[in-house]
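Novice: Residues in the sequence shown are numbered from 7 upward in steps of one, following the numbering used here.
The C-beta atom is built at its ideal place from N, Cα and C for all residues, glycine as well.
Sharing a structure here in structure tokens format.
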Amino acid sequence: MSLTDVHQEHVLKAIEEFDVLGREAFLGRYGSAAASRYVVVYRGEVYDSDALANSAHGFALAHSPRPPALTDVSRDVAAYLAELGFFFREALGKPASNARVYGEVAGCPEGTTFASRAEVAASGVHRALQAGITGTRARGAESIVSSGGYEDDDDRGDELIYTGHGGRNNSGRQNADQTFADSGNAALLTSREIGALVRVVRGADTKSPHAPNQGYRYDGLFRVEDAALVPGQGDYLVCRFQLIKASSAVDVNFPVGDYLLSSEPSHSAGNAQPGRKAVTTQRIVRSTKVAEDIKKAYDHTCQLCGTRLSLGDGQGYSEGAHIQALGGLHRGPDLTSNVLCLCPNCHVQFDRGAVVIAADRTVLREGVPAGKLRERPGHGIEEEYLAYHRDLHSRVSLR
């Protein structure tokens with residue numbers, strides 16, 4: 007039996023078997039050594055070509071009375087699999103690996119360019135040939151590709167407003183709601199929660215002055231600053247992520263695994279002489295007077311829990327919290343009607359949606375009533391902003 011009896015369906019079954027068994031067991035079953043010349047890349051994963059062909063040959067044999075006689079050399083195997091629509095590359099003398107890599111990829115510094123998505127996938131910078139997000143909910147996102155494929159994308163250079171995955175038809179228009187349950191969108195949420203940086207690859211996009219003119223370019227590490235499920239231009243809900251360029255080089259090659267805190271004490275050695283680096287950033291200019299007026303009106307007493315933090319000598323401490331956030335995805339106004347006086351704990355909980363305020367001004371902590379919002383005459387909190395905050399956090403559960 008020869009390679010010509012192997013069809014795409016047999017290779018796909020072989021890939022499925024590889025994924026179920028794992029690489030070492032798969033190689034052992036088919037008596038194959040690790041690929042030294044060519045590997046197949048499928049959906050961002052890497053497979054040893056000879057072992058894959060032997061497995062596919064076995065699946066083809068199940069439908070053929072002829073005995074096996076697969077004697078093709080590695081080059082012929084890879085070339086034939088390519089004819090079936092599978093991408094292959096040289097193994098470069100390195101064992102093929104399906105390991106996920108978080109942070110920088112060795113040998114691919116920022117600014118590395120690629121002629122095609124296949125080259126990007128082969129490099130390991132973004133392993134998927136089609137999907138725009140790689141990663142898992144448990145471990146976070148490894149990388150994204152931004153090429154203006156979604157109408158709600160907004161590339162601002164060091165700030166990228168990125169539309170999540172799903173709900174798009176062949177013309178690139180949204181025709182259904184997106185959700186944070188999608189594995190790629192969930193992975194970006196996890197990256198936001200654990201603070202892990204994500205590789206960003208930009209593809210050619212005539213709408214963006216920050217994209218390459220052709221092909222793809224690795225543009226470095228970004229952090230996921232914010233996430234929201236909001237109506238898009240097509241009136242469907244879309245998952246939008248605000249990614250901000252990391253301002254300095256950081257070693258973030260995280261090991262593969264779920265992120266659990268160790269019971270063993272561990273402390274960073276720190277740096278007695280931290281370096282300095284000039285960077286250019288964009289930030290929302292807030293009116294200090296707006297927040298100070300609200301905090302003064304409430305004498306630094308939290309409007310949610312009633313706590314007043316004392317700093318001594320009669321001084322108090324509180325924080326001005328915008329109900330509809332100013333920056334990133336939300337673009338709320340910097341007005342007293344959009345600001346609350348909160349203690350630090352309630353501020354964090356309010357920003358993350360653990361606390362919302364009902365239309366009748368009932369404070370809900372994780373869905374449980376916890377008293378009424380404290381309001382002073384003349385504050386004039388707008389229901390429009392409270393409703394925005396409620397709607398935002400009713401659509402997405404981070405955990």
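#1: Can you confirm whether the stretch 126 to 144 touches the stretch 36 to 55 when touching is taken to mean that 3 or more C-beta pairs between the two stretches lie within less than 8 angstroms?
#2: Compute the Euclidean distance between the alpha carbons of Arg-314 and Asp-305, then round it to the nearest angstrom.
#3: Please list the segments of the beta strand (DSSP E) lying wholly inside the stretch 96 to 170, counting only runs of 3 or more residues, in order along the chain.
#4: When we look at the beta-carbon of Asn-181 and count the other beta-carbons within 10 Å, is it buried (16 or more) or exposed?
#5: Measure the C-alpha to C-alpha separation of Pro-339 and Glu-110 and round it to an integer number of angstroms.
#6: Evaluate contact between the stretch 349 to 368 and the stretch 293 to 301, counting only Cβ atoms and requiring at least three cross-stretch pairs below 8 angstroms.
#7: Where do the N-terminal and C-terminal ends of the beta strand (DSSP E) with Ala-376 fall, by residue?
#8: Which residues does DSSP list as the beta-bridge partners of Cys-347?
#9: Rounding to the nearest angstrom, what Cα-Cα distance links Pro-350 and Gly-326 in this structure?
#10: Unbroken alpha helix (DSSP H) runs of length 4 or more, entirely within the stretch 177 to 245: which are they?
#11: With DSSP collapsed to three states, give me the class of Leu-266.
#12: Can you tell me the Cα-Cα spacing of Thr-140 and Ala-234, whole angstroms?
#13: For Thr-77, does the three-state DSSP call read helix, strand or coil?
#14: Give the secondary structure of Ile-21 by DSSP, where H, G and I count as helix, E and B as strand, and everything else as coil.
#15: What do you reckon, are the CB atoms on Cys-311 and Ser-324 nearer than 8 angstroms?
#16: Let me know the secondary structure DSSP gives Thr-294 once reduced to three states.
Specialist: Checking against the coordinates, here is how it stands:
#1: Under the 8 angstroms Cβ criterion, the stretch 36 to 55 counts as touching the stretch 126 to 144, having at least three qualifying pairs.
#2: Cα-Cα distance, rounded: 8 angstroms.
#3: Whole beta strand (DSSP E) segments, 3+ residues: 139 to 142, 146 to 152 and 165 to 169.
#4: exposed
#5: 37 angstroms
#6: Segments in contact, no.
#7: Counting along the chain, the beta strand (DSSP E) containing Ala-376 begins and ends at 374 to 378.
#8: Gly-326
#9: 9 angstroms
#10: If we require 4 residues or more, the alpha helix (DSSP H) runs fully inside the stretch 177 to 245 come out as 189 to 200.
#11: The predicted position of Leu-266 is uncertain, since its pLDDT is 42 and thus under 50; a value taken from the coordinates is nonetheless stated next. If DSSP states are grouped into helix, strand and coil, Leu-266 belongs with coil.
#12: 19 angstroms
#13: Residue confidence is low: Thr-77 scores 45 on pLDDT, short of 50, so the model does not pin down where it sits. Its coordinate-derived value is still stated next. Thr-77 falls in the coil class under three-state DSSP.
#14: helix
#15: At a Cβ-Cβ threshold of 8 angstroms, Cys-311 and Ser-324 do not count as neighbours.
#16: Of the three classes helix, strand and coil, the one that applies to Thr-294 here is helix, per DSSP.
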